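Undergrad: Just so we're aligned, residue -1 is where the sequence shown starts under the numbering used here, counting upward by one.
All C-beta atoms in this analysis are idealised placements derived from N, C-alpha and C, irrespective of residue type, glycine included.
These figures come from a predicted structure and were not determined experimentally.
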Amino acid sequence: YARATLPEEKAYLFTTSINWVPPPGLKDAVAFIIEENAPLSLAESVFDFEIVSEDESAAEIKLSVSVLPKNVINAYVTLFESALITPISFDLESRAIARAVIRRGDKRPHLIINLSVNKTGFYVVEEEVVQFSFTPAYGVGEDDSYSSLDNLKAEMRKVSAFWNTRTDKSGKLEKKIENVILCGLAGSNKDFVEK
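1. What does DSSP give as the partner residue(s) for Y121 in the beta ladder?
2. Between the alpha carbons of S131 and K105, how many angstroms are there, rounded?
3. Sort V44, S80, A27 and L66 by Cα distance to I59 and report the nearest one.
4. Looking at the structure shown, is D26 part of a helix, part of a strand, or coil, going by DSSP?
5. For F160, which option in V63, Y121, E125 and L113 has the closest C-alpha, if you only look at C-alpha atoms?
6. Mind listing, in chain order, the continuous beta strand (DSSP E) runs of no fewer than 3 residues lying wholly within the region 38 to 89?
7. Hey, how far is the Cα of G137 from the Cα of L113?
8. Between E91, N17, L180 and L82, which lies nearest to Y10 when the distance is taken from Cα to Cα?
9. If distances are taken between C-alpha atoms only, which option among E33, S43, L40 and A56 comes closest to S168?
10. Since E176 contacts H108 with CB under 8 angstroms, what's their CB separation in whole angstroms?
11. Just the C-alpha distance for E6 and N72, rounded to the nearest angstrom, thanks.
12. What residue range does the beta strand (DSSP E) around L4 cover?
13. Could you check the C-alpha separation between P21 and D53 for me, to the nearest Å?
14. Under the rule that 16 or more other beta-carbon atoms within 10 Å means buried, what is I49, buried or exposed?
15. Quick one: what's got a C-beta closer than 6 angstroms to V178's C-beta in the same chain, skipping five residues either side?
16. Leaving out the 5 sequence neighbours to the left and right, which residues in its chain are closer than 7 angstroms to V65 when beta-carbon positions are compared?
17. Where do the N-terminal and C-terminal ends of the alpha helix (DSSP H) with L150 fall, by residue?
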């Protein structure tokens, strides 16, 4: 039996607010908005969601929703079963990493930079929920080199600028990223930490 992670670049992650609905109706309410926010039909997708916050006075729920194509899930299930492993659950790479590197109860905004082979994941976590994910197709080389350090810095600045300039409905700036966490294959490389 295994609990497995799925690659971030196969998923669509979005944060949205919906009108408040009772908990039993929440899954149906999210299903209703999948096609508006991901380039998949509901019939060809599998989705999950986490509640970011609930505003009772506005009768609103803020959610982080992840959507994957059914054929991707089926391919992973087939792969595991061919190895005689029964998958119990799947989670996105960003969510699994966030749970591993951010202390429970820490609701501050964090930027996680996950340096992997040939890809780098940028994940913004706030209220203990991954709310933004971006995975460009460049990362650490097989020899632990990183030829695109300037690209990494530029992408980090873009993600930070995007997150730090968000406003709420009243026009007030929302919380800014307070912490950057570097992890993954080259997470302890001095070149990255110093830059």
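TA: So, from the data block:
1. Partner(s): I110 and S131.
2. Taking C-alpha positions only, S131 is separated from K105 by approximately 17 angstroms.
3. Nearest of V44, S80, A27 and L66 to I59, Cα basis: A27.
4. The answer is helix: DSSP assigns D26 an H, G or I state.
5. With respect to the C-alpha of F160, the residue from V63, Y121, E125 and L113 having the closest C-alpha is Y121.
6. DSSP runs (the beta strand (DSSP E)) wholly in the region 38 to 89: 43 to 53 and 58 to 67.
7. Roughly 6 angstroms between the two C-alpha positions.
8. Scanning E91, N17, L180 and L82 for the CA closest to the CA of Y10 turns up E91.
9. Ranking the options by Cα distance to S168, first place goes to A56.
10. Correct: roughly 7 angstroms between the Cβ atoms.
11. Here the C-alpha atom of E6 lies approximately 16 angstroms from the C-alpha atom of N72.
12. Its beta strand (DSSP E) spans residues A0 to L4.
13. Roughly 14 angstroms separates the two Cα atoms.
14. By the 10 Å Cβ count, I49 comes out exposed.
15. L109, listed in sequence order.
16. Shown here for V65: same chain residues with a beta carbon closer than 7 angstroms to its own, the five before and five after excluded, namely A9, Y10, I32, A36, L38, S43 and F45 in chain order.
17. Membership of L150 in the alpha helix (DSSP H) is indicated by the continuous run L147 to N162.
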